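What the sequence shown shows, in the working numbering, is residues 151 to 366, in sequence order. Notes follow once the structure below has been shown.
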Amino acid sequence: MRAEGYDGAAYMSGKHQGVQAHVRGRFPEASRTNDDAVWDALFDQAVTMADKIEVLPPMPRKVGRQVNRANYPADTPSQYWKRALYFSFLDYFIEELTGRLLDNSDRFQGQNLIPARLESSTAEYKDKLYETFRHDLTDNQGTFNSEVKRWQRRWSGPDVIEKPKSLMSSLAVTNKELYPSIFAILSMHVTMPITTSTTERLFSALRRLKTYTVQP
Numbered sequence: 151m152r153a154e155g156y157d158g159a160a161y162m163s164g165k166h167q168g169v170q171a172h173v174r175g176r177f178p179e180a181s182r183t184n185d186d187a188v189w190d191a192l193f194d195q196a197v198t199m200a201d202k203i204e205v206l207p208p209m210p211r212k213v214g215r216q217v218n219r220a221n222y223p224a225d226t227p228s229q230y231w232k233r234a235l236y237f238s239f240l241d242y243f244i245e246e247l248t249g250r251l252l253d254n255s256d257r258f259q260g261q262n263l264i265p266a267r268l269e270s271s272t273a274e275y276k277d278k279l280y281e282t283f284r285h286d287l288t289d290n291q292g293t294f295n296s297e298v299k300r301w302q303r304r305w306s307g308p309d310v311i312e313k314p315k316s317l318m319s320s321l322a323v324t325n326k327e328l329y330p331s332i333f334a335i336l337s338m339h340v341t342m343p344i345t346t347s348t349t350e351r352l353f354s355a356l357r358r359l360k361t362y363t364v365q366p
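Here you go:
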């Protein structure tokens, strides 16, 4: 069972990962430059909404020995919630994006099997693709490489009028008997859940959760 993912995430990662590194190298403080302005706008909006129901912006009291939460140093409610909530959310959000789109980009390599993208399928790519999915395939690497070559020849012929450009359209024209490994990889990409909640609903439908009756 593969983890959740995003259709096109590997393509986005490969296309923009170099740009991200370039920006970080030249502007290391870029991620924090606009924090103050953005946070002030968010906090003012929250205060305005709270004022409509007569709620004042709170700041939890600090004690010498805190057990249930951290003592964030702050002089105003804005400073407190910025350090306690806003920065924590940003760090978590960046970590999630990095983990889902960049760190796990190998599992999206199969999208280069889409006929419209086959030109980027090098020998190194085939080796990396096989290593990523070898536990899900029944063929050895030599057989897999030959299958990919046959797949490339099929879509490079002069009689090819239009090449599929998506995972679904590619899977629809893939013969499972002739291209078993490619069919398996494309199938995994198509059925890969987008979010954790999708996975839970899928498991619920398959009765793989003991608490499936409480799932929506």
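Glycine residues also receive a C-beta, built at the ideal position from the N, C-alpha and C atoms. The structure presented is a predicted model; accordingly, all values stated were derived computationally and were not measured.
Same chain only: Cβ atoms within 6 Å of residue i, ignoring 5 sequence neighbours per side
| i | result |
| --- | --- |
| Phe-333 | Thr-324 and Lys-326 |
Assigned exposure category for residue i - 16 Cβ within 10 Å defines buried
| i | result |
| --- | --- |
| Val-106 | Nothing can be reported for residue 106, as the shown portion of the chain is limited to 151 through 366. |
| Pro-223 | exposed |
| Gln-259 | buried |
| Met-342 | buried |
Option in the options with minimal Cα separation from residue i
| i | options | result |
| --- | --- | --- |
| Ala-191 | Phe-294, Tyr-236 and Glu-312 | Tyr-236 |
| Ser-296 | Ser-228, Ile-203, Ala-273 and Ser-238 | Ala-273 |
| Asp-185 | Asp-241, Pro-207 and Met-199 | Asp-241 |
| Arg-257 | Met-199, Ile-203 and Glu-281 | Glu-281 |
| Thr-226 | Leu-206, Met-342, Met-199 and Lys-202 | Leu-206 |
Own chain partners of residue i with C-beta closer than 7 Å, once the 5 adjacent residues on each side are dropped
| i | result |
| --- | --- |
| Lys-276 | Asn-295 and Val-298 |
| Tyr-230 | Met-209, Tyr-222 and Ala-224 |
| Arg-233 | Tyr-222 and Ala-224 |
| Leu-279 | Gln-259 and Gly-260 |
| Gln-291 | Tyr-280 |
Cβ-based neighbour list, residue i, same chain, cut-off 8 Å, excluding 5 preceding and 5 following
| i | result |
| --- | --- |
| Leu-321 | Phe-333, Leu-336, Ser-337 and Val-340 |
| Ser-306 | Leu-268 |
| Pro-314 | Ile-264, Pro-265, Ala-266, Ser-320, Ala-322 and Val-323 |
Whole-angstrom C-beta distance between residue j and residue i, which should lie under 8 Å
| i | j | result |
| --- | --- | --- |
| Leu-287 | Ser-331 | 5 Å |
| Phe-283 | Ser-228 | Not confirmed; about 49 Å, so no contact. |
Within 8 Å, do at least three Cβ pairs link the region 262-272 to the region 299-306? yes
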